[in-house]
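S.K.: Per the working numbering: the sequence shown = residues 11 to 238.
My questions will all concern the structure given below.
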Amino acid sequence: MFCAVTYQFKGKNNEKHKLRREQRKEEAKKIADEQSLVNAANSVKNPLHLLIPHFHKYDRNGVNVTIECGFAKDWPEDIQQWGFEITRRNMKDLYGKEWKDKEKRAELLEDTAQYLVAKQEGEPVAFCHFRFDMDFDLAVLYCYEIQLEEKVQRKGLGRFLMQLMELMAFKTQMRKVVLTVFHDNKAAMSFYKSRLNYGVDETSPSAVEAEWEVNYEILSKTIKLQSK
Ligand SMILES: CC(C)(COP(=O)(O)OP(=O)(O)OC[C@H]1O[C@@H](n2cnc3c(N)ncnc32)[C@H](O)[C@@H]1OP(=O)(O)O)[C@@H](O)C(=O)NCCC(=O)NCCS
């Protein structure tokens, strides 16, 4: 009798373990599949070329630009330097004490960093820094920066560049486009939330009711994948 009870107990335990092992295997496979999507996206030489040429230029509201894409490290030094300077000009006050030249330079030149650069008459006027990356367990396109020179702001170019990133995310099967925005950046907050329909991401500190206070929000938009 004693042995039978023990056996029954062990049997139940074994079932539980088996189930947990299966679940873990499934989770590991899901993450590996997402990582494969990120690797595949990062191996695309020019993700902008996944889109038809119509999306390689923008000519509206007095702005006439051509748009190019490439890894940060492959852009000439003058573009890398301009990218850093416009980011500092537009963002330093919002960062406050957290702004660090060296850290921002390093972030902007990280191995997987890619830029969309919009040029007007050969001069850069806007850029986006994005990466294909894992965000927790999902393959995402993470938009690190979108920076426009003042003279081309509020003419629809920012919205167009965000649409390009969403289309590239769609073409590479990323699950969502994710970005971080300071609460104090009211213009950008309104741009993303009201005009582009970005919502608070489930990983944002405000969504997880974090006890610590932060000065930013993580926003995202889910990308509807193509049915096979
Ligand atoms: C924020 C930014 C990317 C927006 O790009 P943009 O080309 O200027 O914006 P768009 O013309 O595409 O604007 C689309 C809509 O977004 C909203 N919007 C954009 N800028 C806004 C502003 N300054 N104030 C309020 N709403 C704004 C408006 O609803 C606008 O539509 P409307 O002009 O018809 O009213 C750009 O202004 C910029 O580079 N700002 C400085 C850097 C920055 O803050 N980057 C974001 C970091 S998270």
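For glycine and all other residues, C-beta sits at the position ideal for the given N, C-alpha and C.
Being a predicted model, the structure only gives us computed values, none of them experimental.
Sort out for me which residues DSSP pairs Y125 with in a bridge.
M.R.: Along the sequence shown, one-based indexing puts residue 125 at 115. According to DSSP, which records beta bridges pairwise, Y125 is partnered with G80 and H139.
S.K.: Suppose you measure from the CA of A198 to the CA of I62; what does that come to, to the nearest Å?
M.R.: If you number the sequence shown from 1, residue 198 lands on position 188. If you number the sequence shown from 1, residue 62 lands on position 52. If I take the Cα positions, the gap works out to 28 Å.
S.K.: Is I233 helix, strand or coil when you go by DSSP?
M.R.: Your numbering for residue 233 matches position 223 in the sequence shown. I233 falls in the coil class under three-state DSSP.
S.K.: Go to A149, then tell me how far its alpha helix (DSSP H) extends in each direction, as first and last residue.
M.R.: As a working note, residue 149 is residue 139 in the sequence shown. Taken as a continuous stretch (DSSP letters only), A149 belongs to no alpha helix (DSSP H), being part of the beta strand (DSSP E) at L148 to L158.
S.K.: I need the straight-line Cα distance from P134 to V162, nearest angstrom please.
M.R.: The residue you call residue 134 lines up with position 124 of the sequence shown. The residue you call residue 162 lines up with position 152 of the sequence shown. Looking at the two C-alpha atoms, the distance is approximately 11 Å.
S.K.: How would you call K35, buried or exposed, if buried means at least 16 neighbouring beta carbons within 10 angstroms?
M.R.: Mapped onto the sequence shown, residue 35 falls at position 25. Exposed, since its Cβ has fewer than 16 Cβ neighbours within 10 Å.
S.K.: Hey, which residues come within less than 6 Å of ligand 1, measuring from Cβ to any heavy atom, in chain order?
M.R.: N100, I156, Q157, L158, Q163, R164, K165, G166, L167, G168, R169, V191, N195, A197, A198, S200, F201, S204 and R205
S.K.: What does DSSP give as the partner residues of K67 in its beta bridges?
M.R.: For the purposes of this step, residue 67 is taken as the residue at position 57 of the sequence shown. According to DSSP, K67 bridges with T76.
S.K.: What is the DSSP secondary structure of G132, reduced to helix, strand or coil?
M.R.: In the sequence shown, the residue the question calls residue 132 occupies position 122. In the structure shown, G132 sits in coil (DSSP, three-state: anything other than H, G, I, E or B).
S.K.: Quick check on DSSP: helix, strand or coil for T97?
M.R.: For the purposes of this step, residue 97 is taken as the residue at position 87 of the sequence shown. DSSP places T97 in helix when its eight states are reduced to three.
S.K.: If you compare alpha carbons, which of F137, F192, A38 and E160 is closest to W109?
M.R.: As a position in the sequence shown, residue 109 is number 99, starting the count at 1. Among F137, F192, A38 and E160, the Cα nearest to that of W109 belongs to F192.
S.K.: Apart from the five residues just before and just after W85, which ones in its own chain have a Cβ nearer than 8 Å to its Cβ?
M.R.: The residue you call residue 85 lines up with position 75 of the sequence shown. Excluding residues within five positions, the ones whose Cβ falls inside 8 Å are G93, Y125 and V127.
S.K.: Alpha carbon to alpha carbon, what distance is there between E227 and V75?
M.R.: Counting from one through the sequence shown, the residue named residue 75 turns up at place 65. Counting from one through the sequence shown, the residue named residue 227 turns up at place 217. For V75 and E227, the distance between alpha carbons rounds to 30 Å.
S.K.: My output table needs one value for M199: the three-state DSSP class, helix, strand or coil.
M.R.: Looking up residue 199 in the sequence shown gives position 189. Helix at M199.
S.K.: Return helix, strand or coil for K40, following the three-state DSSP convention.
M.R.: Within the sequence shown, residue 40 is the residue found at index 30, counting from 1. Helix, per DSSP.
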